[in-house]
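Number of protein chains: 4
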Amino acid sequence: MKKQVDTIVGKAAILIIDVTKGSLLPPDKTPIPIFDAQTAVNNIKEVVDVARTVDIPIIFFQELHRREMVDFGRELDGVEDVHCLEGSEDVEFIDYLKPMDGEFSIGKRRYSCFFATDLNILLKGLKVETLIICGFLTDVCVHYTSADAHQHDYYVRIMHDCVRGSSPEAHQASLNAIKYLQTASETNSKEIIGLLEKMTVKA
Amino acid sequence: MKKQVDTIVGKAAILIIDVTKGSLLPPDKTPIPIFDAQTAVNNIKEVVDVARTVDIPIIFFQELHRREMVDFGRELDGVEDVHCLEGSEDVEFIDYLKPMDGEFSIGKRRYSCFFATDLNILLKGLKVETLIICGFLTDVCVHYTSADAHQHDYYVRIMHDCVRGSSPEAHQASLNAIKYLQTASETNSKEIIGLLEKMTVKA
Amino acid sequence: MKKQVDTIVGKAAILIIDVTKGSLLPPDKTPIPIFDAQTAVNNIKEVVDVARTVDIPIIFFQELHRREMVDFGRELDGVEDVHCLEGSEDVEFIDYLKPMDGEFSIGKRRYSCFFATDLNILLKGLKVETLIICGFLTDVCVHYTSADAHQHDYYVRIMHDCVRGSSPEAHQASLNAIKYLQTASETNSKEIIGLLEKMTVKA
Amino acid sequence: MKKQVDTIVGKAAILIIDVTKGSLLPPDKTPIPIFDAQTAVNNIKEVVDVARTVDIPIIFFQELHRREMVDFGRELDGVEDVHCLEGSEDVEFIDYLKPMDGEFSIGKRRYSCFFATDLNILLKGLKVETLIICGFLTDVCVHYTSADAHQHDYYVRIMHDCVRGSSPEAHQASLNAIKYLQTASETNSKEIIGLLEKMTVKA
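Residue numbers (the UniProt record's numbering), protein chains in the order written: chain F, 1 to 203; chain R, 1 to 203; chain G, 1 to 203; chain A, 1 to 203.
Laid out in structure tokens, this is it:
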């Protein structure tokens, strides 16, 4: 069986995971510090600027927990403390990187963007086969979303310069683990921008 | 919020993931080589011998793919070649480590033991809250089962000497990732055997 | 095996399904006419008034479809025409029957309140075992939510005077079908109000 | 938006739900009596005989419960008593209507064939869009499988002369409810045999 090597197979969508105001806070101001988050945000912004000129769905995700503190499950048994409360400034999208009209936004209670959300309904409705993934944290929400995308039969493509994790080591280990699942999963903002520039310009 | 530290919270079950004849094959005889698998198998056997004397559910998993080659999804796009075909010797349980009467067995088509299986039904029926996990591969089925268990609100405990992965580095990275989710996830066969010996002896 | 007969087993929650401004529109003004909806709304209001004085979770549901028309799936292949678009007045909660602070609200894309939503996460977090269900339509969202609740091991209780369907016949047939699943599922606003009045008054 | 009217859209599969030796037992010999089951079995057999000559997947389902009595959930709170125990004769396929080599078989713990099974994985792998459904009981497993199929975006087609329920009234009410979801859901063995006879003969 020949391995799939094209970066985009069928129709694609861009998934931007948990890129919010909280992502850019310094380590002492957030329960979930991310190393070098600003670099990833800048690269994501460049991709989104081009993506908005062509016909490709963009889906933004926010992790959100109810203020009544009833939906954390086991999420406070690990490294992360209380995080992503609805209504807090941390979960707001960044001013220059927020959903525009015709783009999609999905709130989630767990790490995987597929878990207890309508993502699969949306992707089927859009007839998407390839997920171009970026955001935070490489070793948590990006990794578990990728594993679920893989198990749901999607082509998974990670823009390595557009994801960052809890540490450089954890970030790299998760990228390796995703490549174990799909050899062609590694891509970057430059390659994706090149592919987007060849797509149909938006009417 | 105080972090949970007990190793076993509420009722526990032992999950033995993908420990089959294929797990012990040499690297040139299997599409999924595992480093040092025999050590883990020996440790799991010791735990199971004690577990069988007390009142704790034991659940065995096999990854199984239909011979018609219709259910691999994207599983052949990565490092693994065709694997775990139904009816092949590879997927058979090891003679000295197979389900006995009153123990449970679940086949799965994907890496996570929760994905498209009846595991959650079974665990709810058994009123289990803590999953004591062992088997293969640390960085694939064990990791993604643990992530799903975490997202499904179970307490996740990994016997580190009873899991092995595709490489020592990938194995360790996944154990670290699981500890990021639940700080108390690390345990081992000796600690679990000690806890089992304190449980009610089977009638 | 003895059949369960208590109306409330363990902790309960009240589920109010798709009771919105659109529910009360005359048949020629809505794609989903409901017979005698006002009667059900009045009865639900009486239950909610009492429920708000005691310690019981109240969960409101809205069916919502994205204006981009990408998430209807097969929902337009039947009797219903385009319905429940986000931002339309139809999907707004009724002024005298909307979630208050501390109550819960869940949007859904499909008929079952469990399908692609975080309902199960919320119910587990609240440790709820019994679902007291009301709203619309008996023969669609109420019926399929009840079937899923049943399959997810919840105790299902329907307040018969607080649900209405596409026709009296379809309404009654679904109530019968739910009673086939759980003999004790039939209840009404008066019985539930009586049980609520015995609960702990809210601090 | 034009309603879909073709009986088969894209690729189809035949789903045979819970047609086992137990289905044909007299009312006093089974916890789940079905009226007029033999008529449906005869009609299903005619469809299968033709289907086996052409290129269409056939998927058989069995409801199966573990003998340890741990996975019934709430299934004993209704009309049905203990049923479908693994290893009992009741759950065996009928001699003249059992899966052959190359056909598929799926065990399930709940009423919907989608609930906690690998059905969706299989259907995606087979690239199936239309489900031709038959079996028992119209008002339980057939109805809830159809509702889930609908919510998973499949085209649902019921062969009305190949399903039977707990009573003629309950059977008819469920067929009506499925037609509410998809107007084109009603078909029968004669129409399907006619369509099968136009398909590519198996190599």
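Idealized CB from N, CA, C, for every residue including glycine.
Kindly say whether residue i, judged by its beta-carbon, lies nearer than 7 Å to any beta-carbon of chain F.
i, result
"G125/G", "yes"
"residue 244/A", "Within the shown structure, residues of chain A are numbered from 1 to 203, placing residue 244/A beyond reach of any answer."
Got a sec? Which residues, its chain only, sit under 8 Å from residue i by beta carbon, not counting five neighbours each side?
i, result
"K29/R", "none"
"V50/A", "I193, L196, E197"
"F35/G", "R164, G165, S166, S167, P168, H171"
"H152/A", "F114, N120"
"V41/R", "V19, S23, L24, I94, L97"
"A173/R", "D139"
"D148/A", "S112, C113, F114, F115"
"L126/R", "K11, A13, P57"
What does residue i touch in chain F if you count any residue whose Cβ is under 9 Å from its own?
i, result
"V79/R", "K179, Y180, L181, T183"
Please list, in chain order, the chain R residues whose beta carbon lies closer than 7 Å to that of residue i.
i, result
"D153/G", "K124"
"N188/F", "Neighbours of N188/F on chain R: none; closest Cβ ~19 Å, over 7 Å."
"S88/F", "Here the premise fails: no neighbours, minimum Cβ distance about 16 Å."
Are there any heavy atoms of the ligand SAM lying less than 6 Å away from the beta-carbon of residue i, as far as the coordinates show?
i, result
"V47/F", "Because no ligand of any kind appears in the structure shown, any question about the ligand SAM cannot be addressed here."
Between residue i and chain G, is there a C-beta pair that is closer than 7 Å?
i, result
"D71/F", "yes"
"Y96/A", "no"
Quick one: does residue i have its CB under 7 Å from some CB of chain A?
i, result
"R164/R", "no"
"R109/R", "yes"
"A147/G", "yes"
What residues in its chain sit with their C-beta under 6 Å from that of residue i, if we drop five residues either side in the sequence?
i, result
"V140/A", "Y111"
"E63/G", "D18, C84, K108"
"K2/G", "Legend: pLDDT at K2/G = 48, less than 50; position of this residue unreliable, value from coordinates given subsequently. Excluding residues within five positions, none has a Cβ falling inside 6 Å."
"S105/A", "F60, P99"
"D161/F", "N43, N188, S189"
"T39/A", "none"
Using a Cβ-Cβ distance cut-off of 7 Å, determine whether residue i contacts chain R.
i, result
"K2/F", "Here the model assigns K2/F a pLDDT of 48, short of 50, so the residue's position is not dependable, and the following value carries that caveat. Cβ-Cβ to chain R under 7 Å: no for K2/F."
"I121/A", "yes"
"R74/F", "yes"
Please compile the residues from chain A whose C-beta is within a distance smaller than 9 Å of the C-beta of residue i.
i, result
"A173/G", "D139, E169, A170, Q172, A173, S174, N176, A177"
Determine the chain B residues that contact residue i at a beta-carbon separation under 8 Å, and present them in chain order.
i, result
"R67/G", "The structure shown has no chain B; the protein chains it does contain are F, R, G and A."
Compute the beta-carbon to beta-carbon distance between residue i and residue j, rounded to the nearest angstrom, for a pair I have assumed lies under 8 Å.
i, j, result
"K45/G", "D90/G", "Not confirmed; about 19 Å, so no contact."
"D118/A", "R67/R", "No, D118/A and R67/R are not in contact; Cβ-Cβ is about 15 Å, not under 8 Å."
"L181/R", "V156/R", "7 Å"
"V128/G", "K11/G", "5 Å"
"I58/R", "V48/R", "7 Å"
"Y154/R", "T130/R", "7 Å"
"I158/G", "E186/G", "6 Å"
"I32/R", "E80/R", "6 Å"
"G78/A", "T183/G", "6 Å"
"V70/G", "L122/F", "7 Å"
Run down chain G in chain order and give the residues with a C-beta less than 7 Å from the C-beta of residue i.
i, result
"F115/A", "Q151"
Using a Cβ cut-off of 8 Å, pull out every chain G residue sitting near residue i, in sequence order please.
i, result
"G102/F", "E68"
Which same chain residues, not among the five before or five after residue i, have their C-beta less than 7 Å away from its C-beta?
i, result
"V54/R", "L196, M199, T200, V201, K202"
"F72/R", "H65"
"H150/G", "V156, L181, Q182"
"K179/F", "S185, E186"
"G87/R", "R67"
"A37/F", "S23, L24, F136, R164"
"E92/G", "T20, K21"
"G102/G", "none"
By the criterion of Cβ-Cβ separation under 7 Å, what are the contact partners of residue i in chain A?
i, result
"S112/G", "Q151"
**Prompt:** Between the region 128-136 of chain G and the region 11-20 of chain G, do at least 3 Cβ pairs fall closer than 8 Å?
**Reply:** yes
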